[in-house]
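First residue of the sequence shown: 2, per our numbering; consecutive thereafter.
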Amino acid sequence: MNTKLLAVAGLAFTLLFSPLSQAFAAETTGDLRKVDNVAHRGASAYAPENTIAAFDKAVEMKADYIEIDVQRSKDGKLVLIHDTTVDRTTDGSGKVGNLTFKELRNLDAGSWKGEQFAGAQIPTFDEILDRYHGKIGILIELKAPELYPGIEENVAKELKERNLDKPQNEKIIVQSFNHKSMKKMNELLPKVSIGVLTSSSADTTEQALQEFSTYADYFNPSYGIVTEDLVNQVHSLGMKIGSWTVRSQEAADFLLDVGVDAIITDYPDYVDPRN
């Protein structure tokens, strides 16, 4: 091969494997399609769920979002805990809404996961917003909002105070199993992405999906009811789809294969960072 041909071949090789060329190939082939890696209650396989330790671990593991569960104390403080009682994840007992913030704050929310987490506290919503916004996306689940009348306004107020009602790069999402609550959140925060959660196949009908698409940006089903057809139908209505809760590599691989937009997982390391 003469010198000119070698030069042309070298240039072609350089262009083929340049970042720009690879990014274009990813756009056109979908091989490197972006899937958001959402740390469920933080990296909850490795640290006690809904605690600073779990959220810090998610940041360390380079997740795209942390998922948090928001409820309200008896005296009106927004706090992060999954169950509507404190029994499973703390050394206390009783309903979250029947305990004052001081009572909730004095509970040990870490020892159940391991003695190295002893003394971990139940965080507040405002603490999490201040600590993590700008560092990682935040997927906010309103947990049983029907138990806390007005919690939608409470959450919206905290976001607005931080100018997070106009989030950049869709890094704030609000979701719930209570779809009426999400309609309300869409009215309160029209520029924030809204998600509807479900584990029911009744919510996957064409009529149901069309209704969700009038106010929601995300349709977030349990992975047991996800199919490739469902993913395509959700996309055809202009929504994204994020599925939960991934606790095995096989489940993560399945969801990647069918084309979801986000994987909500206790194990952020199960979601291939190349996707």
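The C-beta atom is built at its ideal place from N, Cα and C for all residues, glycine as well.
It should be emphasised that the depicted structure is a prediction, and the values quoted were computed from it without experimental measurement.
According to DSSP, residues forming a beta bridge with residue i
{"i": "Ser223", "result": "Trp245"}
{"i": "Leu198", "result": "Asn221"}
{"i": "Gln176", "result": "Glu142, Gly196"}
{"i": "Thr125", "result": "Val80"}
Interface flag, residue i vs chain B, CB-CB below 9 Å
{"i": "Met62", "result": "Any reference to chain B falls outside this structure, which holds one protein chain only."}
Reference residue i, options the options, closest by Cα
{"i": "Arg248", "options": "Leu238, Pro269, Pro146, Phe118", "result": "Pro269"}
{"i": "Leu238", "options": "Thr101, Val39, Gln211", "result": "Gln211"}
{"i": "Gly93", "options": "Gln117, Ser177, Leu105, Gln208", "result": "Leu105"}
{"i": "Val227", "options": "Val193, Tyr216, Ile264, Phe178", "result": "Ile264"}
{"i": "Met62", "options": "Ile137, Val80, Phe102", "result": "Ile137"}
{"i": "Ala54", "options": "Lys78, Asp37, Gly135, Glu116", "result": "Glu116"}
{"i": "Pro191", "options": "Ile174, Phe178, His180, Asn179", "result": "Ile174"}
{"i": "Ile69", "options": "Leu130, Val259, Asp258", "result": "Leu130"}
{"i": "Gly135", "options": "Trp113, Ser74, Asp65", "result": "Asp65"}
{"i": "Thr91", "options": "Ile67, Asn233, Ala44, Ser112", "result": "Ser112"}
{"i": "Glu43", "options": "Tyr271, Val272, Thr266", "result": "It is Gly, not Glu, that sits at residue 43 in the sequence shown. It is Thr266."}
{"i": "Asn99", "options": "Arg73, Gln208, Asn51", "result": "Arg73"}
{"i": "Asn351", "options": "Val156, Thr52, Glu147", "result": "Since the first residue of the chain shown is 2 and the last is 276, residue 351 is not available in this structure."}
{"i": "Gln250", "options": "Val272, Asp262, Lys241, Glu229", "result": "Val272"}
{"i": "Glu229", "options": "Lys58, Gln176, Asn38, Val261", "result": "Val261"}
{"i": "Leu231", "options": "Val259, Leu165, Lys167", "result": "Val259"}
{"i": "Ile152", "options": "Glu128, Gly77, Tyr216", "result": "Gly77"}
{"i": "Ser45", "options": "Val71, Asp109, Lys114", "result": "Lys114"}
{"i": "Glu188", "options": "Tyr216, Glu128, Thr101, Phe102", "result": "Tyr216"}
{"i": "Leu165", "options": "Met183, Tyr133, Lys184", "result": "Tyr133"}
{"i": "Asp57", "options": "Phe102, Val97, Glu128", "result": "Glu128"}
{"i": "Tyr224", "options": "Lys241, Met186, Trp245", "result": "Trp245"}
{"i": "Pro168", "options": "Met183, Ser182, Pro150, Val193", "result": "Val193"}
{"i": "His236", "options": "Leu257, Asp254, Ser214, Ala252", "result": "Ser214"}
{"i": "Glu50", "options": "Asp109, Gly95, Val36, Ser182", "result": "Asp109"}
{"i": "Phe102", "options": "Lys75, Ser177, Lys96, Val60", "result": "Lys75"}
{"i": "Lys96", "options": "Tyr149, Ala119, Ala59, Tyr47", "result": "Tyr149"}
{"i": "Asn38", "options": "Asn155, Ile67, Ser177", "result": "Ile67"}
Range of the contiguous alpha helix (DSSP H) that encloses residue i
{"i": "Leu160", "result": "152 to 162"}
{"i": "His236", "result": "229 to 237"}
{"i": "Gln208", "result": "207 to 213"}
Enumerate, from N- to C-terminal direction, the unbroken alpha helix (DSSP H) stretches of 4 or more residues contained entirely within the stretch 30 to 105.
Listed in chain order, they are 53 to 61.
Any chance you could list the alpha helix (DSSP H) runs of at least 4 consecutive residues sitting entirely within the stretch 246 to 272, in chain order?
The DSSP assignment places 250 to 259 as complete runs of the alpha helix (DSSP H) inside the stretch 246 to 272, in order along the chain (cut-off: 4 residues).
Does the contact criterion of 3 or more C-beta pairs under 8 Å hold for the stretch 219 to 235 versus the stretch 197 to 210?
Flag = yes, the stretch 219 to 235 and the stretch 197 to 210 touch.
Pairing CB atoms from the stretch 80 to 88 with CB atoms from the stretch 158 to 168, are three or more of them under 8 Å?
Taking 8 Å as the limit for Cβ pairs, the verdict is that the stretch 158 to 168 does not touch the stretch 80 to 88.
Do the stretch 140 to 155 and the stretch 181 to 200 meet, that is, are 3 or more Cβ pairs less than 8 Å apart?
A contact exists between the stretch 140 to 155 and the stretch 181 to 200.
Should the stretch 77 to 84 be regarded as contacting the stretch 124 to 138, the criterion being three or more beta carbon pairs within less than 8 Å?
Counting C-beta pairs closer than 8 Å gives three or more between the stretch 77 to 84 and the stretch 124 to 138, which meets the contact rule.
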